[in-house]
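In my numbering, the protein residues as written are 699 to 755.
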């Protein structure tokens, strides 16, 4: 699976860190659905759930 491309500024919340929905550690990153999630966590989740498009743009 290709790496997720989250270069768009909408994937970053400079104002606050929230717990990642997958690992629980703070992150300023947001999915396309505005879920707080690290890019690496989302990529790992996508690898484990190949038929899901939860974190894809």
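Even for Gly, the Cβ is constructed at its ideal location relative to N, Cα and C.
Using a Cβ-Cβ cutoff of less than 8 Å, which residues in the same chain neighbour residue i once the five nearest sequence positions on both sides are dropped?
i	result
residue 720	735, 736, 739, 740, 742, 743
residue 717	723, 724, 725, 734
Within a Cβ cutoff of 7 Å, which residues of the same chain sit near residue i, ignoring the five residues on either side of it in sequence?
i	result
residue 709	727, 728
residue 715	724, 725, 726
Looking at the structure shown, is residue i part of a helix, part of a strand, or coil, going by DSSP?
i	result
residue 728	strand
Assuming residue i is part of the alpha helix (DSSP H), what are its boundary residues?
i	result
residue 723	It is not in any alpha helix (DSSP H) - residue 723 carries neither H nor E in the DSSP assignment.
residue 735	It is not in any alpha helix (DSSP H) - residue 735 carries neither H nor E in the DSSP assignment.
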